[in-house]
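With the first letter of the sequence shown counted as 1, position 4 gets the number 1400 in our numbering; the numbers rise by one all the way through. Note that the Cβ used here is the ideal one computed from N, Cα and C, for glycine as well.
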Amino acid sequence: MKVGDLVINKLNKEHSNAVAIIVEIMDDIFIEDVYCHKWHYPSIVRVVYSSGAIEVNPVAIYELISQFDS
């Protein structure tokens, strides 16, 4: 995946048709939650939907639009 690719969120059943565009890819992100657990994500993407909604999730949650058969 690269910036500018169109993707959909595989886990978002409510808006399964919503298409997003990748606007940023971040590598080797370490996040610490409120319980002091540290999470390592090797690749994270920031996507923007046509509604203006922004998501930041691991790359594995998304599928490229070009991978789908019409």
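From the DSSP output, read off the bridge partner residues of D1470.
-> Residue 1470 lies beyond the range of the chain shown here (1397 to 1466); nothing can be said about it.
Going by CA-CA distance only, name the one from D1429, V1399, F1426 that's closest to I1417.
-> V1399
Inter-residue spacing [alpha-carbon to alpha-carbon] between H1433 and M1397 | Within the model, the alpha-carbon separation for H1433 versus M1397 is close to 28 Å.
Tell me, please, which residues DSSP counts as bridged to V1430.
-> Per DSSP, none; premise fails for V1430.
Residue range of the unbroken beta strand (DSSP E) whose run includes V1452 | 1450-1454
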